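Numbering (the working numbering), first residue to last: 208 to 661. Please read the structure below before turning to the comments.
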Ligand code: SF4
């Protein structure tokens, strides 16, 4: 049996600031280089299209592609390595293709086509390489389809939830039917699907590693002072908030301050992301703070008394099961459906995870996911300056609060509700389809044009 998309596809370790505009393009370039004789490369041309070209500078796309051409992968590269190689490329105006062969290339050489949308997706990039005799080594178009996922033109996209797992599902109705028939939770259904490709220990260990990276990104985000990069002059707030919380709540578990802790975690992760730091894509970089923030609420307040593992593992498995639905039936890409696909999906996944670890039935969990997305429908993507800072950072804190409230509301019901999660997911997809491209990660509408950049 082959696995479908699962927890380790929806949650990956990567660098900021954007999964679709940084992580995906870096992966695409690294994939391109892995298929050619890197030592033979003498000339490389990079063309960016659509949203990648429109907001690529603010999202670090140009740097990401150049680093990917050097063979660096987003899940293993360290922020210090990124800084060092970015400075070297800018200085020498040369890229080490595949880490060895050098070609003349720097950010100024990347060709931008913001008004040209390639047929496969608005996030398109074309990579070409020639040898010393000017013979073409490869010519490939890639699409970055959101959440760090990539597709090479002409090749099959990664199958969604339908591959040969024991409990295939693409809709919440199918997922709930498995839960009913097997008398299992959503987390357990997802776990059994994951067991096709990993042992139980590997699943648990991998999930706990993701949670560790989430925690590390909070610590790192709270330790950097000053302004965020990019020229918008957005101050980092996480360090001051951490200091204040440590004074007001030294043990970190005062119930009166749960909201402030949740806000702090969301801000710290997203400031780390905006700084190009190491975070967990969950399921995108722009929305990376929501799940860690709600997970913090679960481990420190809601499910207090249970071990961290007992909370983290079912929380993230359930969130992944809901993420599969968005990936299969709609999109998690802001460039495709607006911010409802990024922040909305993350809020919905977090609500489901929280409801699960608080003992919700599968129908209550589905209800939590539905409520959270229902109140994110229509959310546009309008980052000022094309940077993942305003409105993105605060939006994560607000969406985390929505997720917590959605879970609480669902748990006070019996799971029956008028609008199903499947209906909301389809509505999100159709709303995204109707949304003007101005509001889909092009920085041409909304706050991106209403607020004068400094
Ligand atoms: S507005 Fe939303 S979708 Fe757009 S970059 Fe920010 S977090 Fe991502």
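Cβ atoms here follow ideal geometry from the backbone N, Cα and C, with glycine treated the same way. Here the structure is a predicted model, which is why all the values come from computation and not from measurement.
Could you please give me the residues that DSSP links to residue 318 through a beta bridge?
254
Buried or exposed (CB count within 10 angstroms, at least 16 for buried), residue 242:
exposed
Suppose the cutoff is 6 Å on Cβ atoms and the five residues either side in sequence are ignored; what does the same chain contact list for residue 303 look like?
277 and 309
If you reduce the DSSP assignment to three classes, tell me which class residue 546 lands in.
helix
Under the criterion of a Cβ to heavy atom distance below 8 Å, does residue 267 qualify as lining the ligand SF4?
no
Taking only three categories from DSSP, how would you classify residue 262?
Helix at residue 262.
Could you tell me whether the stretch 452–463 touches the stretch 411–426, using the rule of 3 or more Cβ pairs below 8 Å?
The stretch 452–463 is not in contact with the stretch 411–426.
Hey, is residue 602 close to the ligand SF4, as in C-beta under 8 Å from one of its heavy atoms?
yes
Those runs of the beta strand (DSSP E) which lie wholly inside the stretch 514–602 and span at least 3 residues
none
Return the CA-CA distance between residue 646 and residue 263, expressed in angstroms with no decimal places.
If you take the alpha carbons of residue 646 and residue 263, they lie about 16 Å apart.
From which residue to which residue does the beta strand (DSSP E) around residue 227 run?
First-last for residue 227: undefined, no H or E at that position.
Cβ pair residue 614, residue 567 closer than 9 Å
yes
Residues of its chain near residue 367, where Cβ-Cβ distance is below 8 Å and the 5 sequence neighbours each way are ignored
Legend: pLDDT at residue 367 = 47, less than 50; position of this residue unreliable, no value from coordinates given.
Tell me whether residue 283 is buried or exposed, calling it buried when 16 or more other Cβ atoms sit within 10 Å of its Cβ.
exposed
With distance defined between alpha-carbon atoms, name the residue in 587, 524 and 547 nearest to residue 561.
524
Starting from residue 477, trace the alpha helix (DSSP H) in both directions and tell me its first and last residue.
465–481
Would you list the residues sitting across from residue 348 in a DSSP beta bridge?
333
Are the CB atoms of residue 394 and residue 521 nearer to each other than 9 Å?
yes
Since residue 309 is in the beta strand (DSSP E), which residue starts that stretch and which ends it?
308–311
Return the first residue and the last residue of the alpha helix (DSSP H) that residue 356 is part of.
From DSSP, residue 356 is part of no alpha helix (DSSP H) but of the beta strand (DSSP E) over 356–359.
CA nearest to the CA of residue 275, picked from 349, 298 and 649
349
For residue 519, does the count of other Cβ atoms within 10 angstroms reach 16, so buried, or fall short, so exposed?
buried
Run through the stretch 393–459 for me and flag every whole beta strand (DSSP E) of 3 or more residues, listed as ranges in chain order.
As far as the stretch 393–459 is concerned, it has no whole beta strand (DSSP E) run of at least 3 residues.
Neighbourhood of residue 472 by C-beta distance below 6 Å, restricted to the same chain and skipping five residues each side:
425, 499, 500 and 503
Option in 592, 632 and 571 with minimal Cα separation from residue 583:
632
Inter-residue Cα distance where the pair is residue 609 and residue 493:
17 Å
Where the beta strand (DSSP E) containing residue 242 begins and where it ends
Run containing residue 242: none; DSSP gives neither H nor E here.
How many whole angstroms separate the CB atoms of residue 479 and residue 540, which I take to be in contact at a CB cut-off of 8 Å?
Not a contact, Cβ separation roughly 22 Å.
Consult DSSP for residue 632 and reduce its assignment to one of helix, strand or coil.
When secondary structure is reduced to three states using DSSP, residue 632 falls in the helix class.
Using a Cβ-Cβ cutoff of less than 6 Å, which residues in the same chain neighbour residue 585 once the five nearest sequence positions on both sides are dropped?
Counting only Cβ-Cβ distances below 6 Å, and skipping sequence neighbours, we find 638.
Look at residue 448 and residue 456 and say whether their C-beta atoms are less than 9 Å apart.
No, Cβ-Cβ distance for residue 448 and residue 456 is not below 9 Å.
Here's the rule: buried if 16 or more other CB atoms are within 10 angstroms of the residue's CB, otherwise exposed. What is residue 226?
When all chains shown are included, residue 226 counts as buried.
Alpha carbons only, please: which of 245, 270 and 611 is nearest the one belonging to residue 508?
611
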